[in-house]
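Trainee:
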Amino acid sequence: MNTSINKSLSFFSKCLVLYLVLLLVEGKYRIDFLNNHFNSKYINIIKLSSNVNMIITSLFVIFIIILILIICYFVIEIFDFNISMNSVIQAFALITLIFTVFQFIRLFIDFTMLKLPISNLIDDNSFFAELKTTKWFHYITILDYLMILVGIFVLGLEIYIQEEKKNSFEIFCISGVFLICYSVIMI
16 MNTSINKSLS FFSKCLVLYL VLLLVEGKYR IDFLNNHFNS KYINIIKLSS NVNMIITSLF
76 VIFIIILILI ICYFVIEIFD FNISMNSVIQ AFALITLIFT VFQFIRLFID FTMLKLPISN
136 LIDDNSFFAE LKTTKWFHYI TILDYLMILV GIFVLGLEIY IQEEKKNSFE IFCISGVFLI
196 CYSVIMI
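Using our numbering, you'd call the opening residue of the sequence shown number 16 and step up by one each time.
(1) Decide if Asp-159 is buried, meaning its Cβ has at least 16 other Cβ atoms within 10 Å, or exposed.
(2) Mapping the DSSP letters down to three states, classify Phe-94 as helix, strand or coil.
(3) By Cβ distance below 7 Å, which residues in the same chain neighbour Leu-38 in space, the five residues on each side in sequence not counted?
(4) For Asn-135, does the three-state DSSP call read helix, strand or coil?
(5) Which same chain residues end up closer than 6 Å to Cys-87 when comparing Cβ atoms and leaving out the 5 residues on each side of it in sequence?
(6) I'd like to know whether the C-beta atoms of Phe-48 and Leu-129 end up nearer to each other than 9 Å.
(7) Drop a sphere of 10 angstroms on the beta-carbon of Thr-111, count the other beta-carbons inside from all chains shown, and report buried for 16 or more, exposed for fewer.
(8) With burial defined as no fewer than 16 other Cβ atoms inside 10 Å of the residue's Cβ, what is the status of Gly-125: buried or exposed?
(9) Could you tell me whether the Cβ atoms of Cys-196 and Ile-91 are closer together than 9 Å?
(10) Quick check on the burial criterion: 16 or more other C-beta atoms within 10 angstroms. Buried or exposed for Ile-58?
(11) Does DSSP put Leu-129 in a helix, in a strand, or in coil?
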């Protein structure tokens with residue numbers, strides 16, 4: 016690998032670590048918020064399973080981003096697209112930074128809006144249905160879809176700029192691969 020790809024991969028790795036840390040912080044905040052409202056003799060088991068689930072989910076998101084990058088690499092190679100892998104890696108690093116910004120926004124929404132009168136709902140079977148009717152859930156859902164749209168746009172635009180405004184169809188295809196792959200995991 017040449018030096019520019021190594022530098023791009025190094026920067027991309029740092030972006031992924033930053034995104035992972037923020038995913039873990041936001042997940043921990045949500046778990047602690049919800050667990051503080053449980054009055055159960057099983058609270059330690061609930062906390063442990065919640066934290067393990069959050070760690071696995073966060074690592075899975077990072078794995079999926081890397082997997083999508085690998086899929087894009089194979090699409091470029093198989094279809095002989097005239098797009099440099101360095102441009103794609105730099106675009107993925109930028110997307111990861113944008114996802115990190117979105118994660119900060121999610122954390123802000125959690126801090127400001129995740130205040131529910133749930134003490135009487137915890138033992139009720141309708142807790143999760145009630146949670147889905149909140150403004151908090153509505154805003155988080157909108158943010159998820161917006162994150163995908165911005166990610167696709169930035170990926171295409173960044174590669175378009177890096178490749179000096181050529182290969183539009185190929186850039187569209189790579190953006191489509193990203194859209195399909197990332198949308199599948201978000202649903």
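Virtual Cβ for every residue (Gly too), placed ideally from N, Cα, C.
Mentor: To lay it out plainly:
(1) Counting C-beta atoms within 10 angstroms of its own C-beta, Asp-159 has fewer than 16 neighbours from the protein chains shown and is therefore classed as exposed.
(2) Phe-94: coil per DSSP, three-state reduction.
(3) Only residues of its own chain outside the window of five on either side were considered, and among them Ser-73, Val-76 and Gln-118 have a CB closer than 7 Å to the CB of Leu-38, listed in chain order.
(4) Low confidence applies to Asn-135: its pLDDT is 46, below 50, so where it sits in the model is not reliable enough to give any reading.
(5) Hits under 6 Å: Val-103, Ile-189 and Val-192.
(6) Cβ atoms of Phe-48 and Leu-129: closer than 9 Å.
(7) So Thr-111 counts as buried.
(8) The displayed chain sequence assigns Asp, not Gly, to residue 125. Classification for Asp-125: buried.
(9) No, the Cβ-Cβ distance between Cys-196 and Ile-91 is not below 9 Å.
(10) By the C-beta density criterion, Ile-58 is exposed, having fewer than 16 other C-beta atoms within 10 angstroms.
(11) In the structure shown, Leu-129 falls within a coil segment according to DSSP collapsed to helix, strand and coil.
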